[in-house]
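Every letter in the sequence shown is one number past the one before it in the numbering used here, and letter 22, counting from 1, is 26.
Ideal Cβ positions, reconstructed from N, Cα and C, are used throughout, including at glycine.
Quantities reported herein were computed from a predicted structural model and do not represent experimental measurements.
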Amino acid sequence: MIIKPIKIADIDIVAQVAAECFADDHFYASLHSDREQRKELLKKLFIESIHICILHGHAYFYESKGECIAFALWFNYNRLKKLDIKAFNHIFTSTDNHLEGKLKEELHSIENILNGSREYFYLLAIGVTPSHRRQGIATTLVRKMLDTYPQYNLFADVSNQRSLKIYEQLGFEILEKSGSCTFIRLLSQQKDYCIPEDNNIYLAIPNTCSAESFFNKKVKSQPITLPYMEVIETGCPFFRQSLYQSCPARLIKISYIELLRYQRFINILNFQEIELTIDNTSCLVYVYSGHDERNIIYNNEIHHSLYCKQCE
């Protein structure tokens, strides 16, 4: 079994699995009285939703013996709302009047709960095929985001009350109920200010990054492995968080003044500072977050058009 990103070629089959998983969910019962017709409508909804999460969050699935047996769809709530309002409206509107009312009520509750907070990943949907349920797969899919993005808050609304225990075991808190939905949240445990007071700072840098180039001296380093990270090789190599891989890195000990020099070198405005514990040592890692510029141009409408033409 392996967790993989949903790619263009996977969308139809994952949407079909999603439709099957949610065909009997009472939240979508009003879409159509006939189950097969309801599945077709759900598949169309999920095809578009998967596109949105690929662009503005994360869409991945659990593969076993070459088949999709589970999936999870997340999006960055405020980023989507800011950059692609058409896609945002797709998530919270419907041509079915009864479902439309539910979605509007749901959105109103979400807006009140989040109250303008910026760093939230919203769990749009998670599903496991019936024959693979109660095996811890849903827990694994949610934990993947929790472990990869410790600086983000996670948020979801749950219509299947039997699954609430999964989230509670992962540390989610129940916020409120609205209709058939229960709203839950997991707040990031990252500190606003990660730099230690004793001025002994451990910094993780990519293996291919030359510390001497910005410190103007030789720096001792210790080899480490950073989980859920990849290195983007440029003139100044940098880390980017990844659900699917780990990467080798170097751990160096520096002063606060040297840290400021490193921040200027990488242009700190494009990065987020997170604190990780690696080999019992607390260290700082700067992960790339400069993505907004691309998505202002390359939005969901363009992505959908490319998909329909079967090209990238």
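- Here the segment 176-183 makes no contact with the segment 219-232; the two share fewer than three CB pairs at distances below 8 Å.
- The shortest CA-to-CA distance from residue 203 to any of 192, 257 and 171 is the one to 257.
- In this structure, the beta-carbon distance from residue 282 to residue 255 falls below 8 Å.
- Bridge partners of residue 165 according to DSSP: none are assigned.
- Spatial neighbours of residue 124 in its own chain (CB-CB distance under 8 Å, excluding positions within 5 residues in sequence) are listed in chain order as 80, 81, 82, 118, 156, 157, 158 and 159.
- For residue 87, the enclosing alpha helix (DSSP H) starts and ends at 81-87.
- Here residue 206 is not near residue 145, since their CB atoms are 8 Å or more apart.
- Contact between residue 171 and residue 243 does not hold, since the beta-carbon distance rounds to 29 Å and is not under 8 Å.
- Looking at the backbone, the Cα of residue 287 and that of residue 278 are separated by about 8 Å.
- In the three-state scheme derived from DSSP, where H, G and I count as helix and E and B as strand, residue 93 is classed as helix.
- For residue 157, DSSP records a beta bridge to 124.
- It is roughly 50 Å from the alpha-carbon of residue 285 to the alpha-carbon of residue 43.
- Distance from the CA atom of residue 8 to the CA atom of residue 14, rounded to whole angstroms, is 10 Å.
- Annotation for residue 249: 234 place their beta carbon closer than 7 Å to its own, counting only its chain and skipping 5 residues before and after.
- The C-beta of residue 131 has 16 or more other C-beta atoms within 10 Å across all chains shown, which makes the residue buried.
- For the pair of segments examined, the segment 84-98 was found not to touch the segment 16-24: the number of CB pairs separated by less than 8 Å stays below three.
- In this structure the segment 161-168 lies against the segment 27-44, because at least three pairs of beta carbons, one per stretch, are closer than 8 Å.
- Of the candidates 50, 133, 266 and 45, the residue whose Cα lies closest to the Cα of residue 95 is 50.
- Buried is the label assigned to residue 262, since at least 16 other Cβ atoms lie within 10 Å of its Cβ.
- When secondary structure is reduced to three states using DSSP, residue 221 falls in the coil class, being assigned neither helix nor strand.
- The C-beta distance from residue 152 to residue 245 rounds to 6 Å, short enough to meet the 8 Å contact threshold.
- For residue 269, same chain residues with a beta-carbon under 6 Å away, outside a window of 5 residues either side, are 218 in chain order.
- A residue is called buried when at least 16 other Cβ atoms come within 10 angstroms of its Cβ; residue 35 meets this threshold and is buried.
- Around the C-beta of residue 64, 16 or more other C-beta atoms lie within 10 Å, and the residue is accordingly described as buried.
- Going by C-alpha positions, residue 62 is about 15 Å away from residue 92.
- At least 8 Å separates the beta-carbon of residue 10 from that of residue 56.
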